[in-house]
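S.K.:
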Amino acid sequence: MKQNKPIAIFDSGIGGLTVYRELKTRLPHERFIYLGDTARLPYGSKSAETVVKYSLQNAEFLVSLGVKMLVVACNTASSFALDALVDRFDMPIVGVIASGVRRALALTRKARVGVIATESTVGSASYQNLLRELGPQTEVYAGACPLFVPLVEEGWLDHPVTREVARLYLEPLRAQGVDTLILGCTHYPLLKGVIAATLGPDVQLVDSAAALAGEISSLLTALSLERRPEAGGSAADDFYVTDSIPRFQRVAEIFLARELDNIRLVDLGVAPRREG
1 MKQNKPIAIF DSGIGGLTVY RELKTRLPHE RFIYLGDTAR LPYGSKSAET
51 VVKYSLQNAE FLVSLGVKML VVACNTASSF ALDALVDRFD MPIVGVIASG
101 VRRALALTRK ARVGVIATES TVGSASYQNL LRELGPQTEV YAGACPLFVP
151 LVEEGWLDHP VTREVARLYL EPLRAQGVDT LILGCTHYPL LKGVIAATLG
201 PDVQLVDSAA ALAGEISSLL TALSLERRPE AGGSAADDFY VTDSIPRFQR
251 VAEIFLAREL DNIRLVDLGV APRREG
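The sequence shown begins at 1 in the numbering used here and counts up one residue at a time.
1. With distances taken from CA atoms, which of I33, Y20, T198, D11 is nearest L41?
2. According to the neighbour-count rule (16 or more other Cβ atoms, all chains shown, within 10 Å of its Cβ), is A51 buried or exposed?
3. Quick check on this structure: which residue in T25, E154, T121 has the alpha carbon closest to the alpha carbon of R247?
4. What separation, rounded to the nearest whole angstrom, lies between the Cα atoms of G26 and D243?
5. Under a Cβ-count criterion, where at least 16 other Cβ atoms within 10 Å of its own Cβ denotes burial, should E49 be classed as buried or exposed?
6. In this structure, does DSSP put T180 in helix, strand or coil?
7. Using DSSP's beta-bridge definition, name the partner residues of G143.
8. Does DSSP put A222 in a helix, in a strand, or in coil?
9. Decide if the stretch 177-190 is in contact with the stretch 2-19; the criterion is three or more beta carbon pairs, one per stretch, under 8 Å apart.
10. Let me know the secondary structure DSSP gives I254 once reduced to three states.
11. Comparing C-alpha positions only, which one of D267, G200, I97 sits nearest to L212?
12. Let me make sure I understand the geometry here. Which of T186, A73, S64, L105 has the alpha-carbon closest to that of A133?
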């Protein structure tokens, strides 16, 4: 039955596991399929056309597995490719930007919101435009943090180099007096400890993944797509990467605090057999 099909999540690498973890916590009986396009990361330095191309290939692979919903757990892909994905595939498709914006506007006390993201996401102005549309009085300050993604992929989540890079990136935002900061890349919540220590306790951090999980839960209910009780308990999830299983596995197991023995390497040029 359609309700018992898995939910698909894709990201450029390991960062989308922040979304996966929040969804699995909120929806423990749902089954998930995760794709990290580790061979082609980072997306944040790619052109819009390339990001759209990669996103469509990722989605083609996941849809071929027979899924009921597609979660774009990559801010750059959400910025550039969401419309193309919605036009191509007949299923619910959700990005990460809107939920983070709504959460930030609900939290800010001084209407001074910062956004950190990849160069492409900042350049697209997706966050800035939506923040100003939904919160016209809000002062918005955005900064690109391109080195954060490779630091996360390397597993340097609390390393002296990471702390120094964070200081250099975040000092301008702190000087602007932001009281709320959107972590506008799914890799960045893995550095939440370093970011919080750099900015201090007066700045609230917005992880889009947490807000997104609540919205997806409501959407599943509204569309009658929740996994049915007779399908059994918590199902095993599947993980796919496009390069280097051991590298992905090492950081993923640290972040998820459990072993992963079901990671598979996939060639996006070869579509798998559709599941029933």
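Each residue gets a CB set at the ideal place from its N, CA and C atoms; glycine is no exception. Since this is a predicted model, take the numbers as computed values, not measurements.
M.R.: So, from the data block:
1. Nearest option by C-alpha distance: D11.
2. The residue asked about is misnamed: residue 51 is Val in this sequence, not Ala. It counts as buried.
3. Considering only alpha carbons, the answer is E154.
4. One point to set straight first is that residue 26 is Arg, not Gly, in the sequence displayed. Just so you know, the alpha carbons of R26 and D243 end up roughly 29 Å apart.
5. With fewer than 16 other Cβ atoms within 10 Å, it is exposed.
6. Strand.
7. The secondary-structure analysis by DSSP pairs G143 across a beta bridge with I116.
8. It is helical.
9. Verdict: yes, contact present.
10. Residue state, collapsed to three classes: helix.
11. Taking only the C-alpha atoms, the option nearest L212 is I97.
12. The question names Ala, yet the displayed sequence has Glu at residue 133. Shortest Cα-Cα distance from E133 to any of T186, A73, S64, L105 involves L105.
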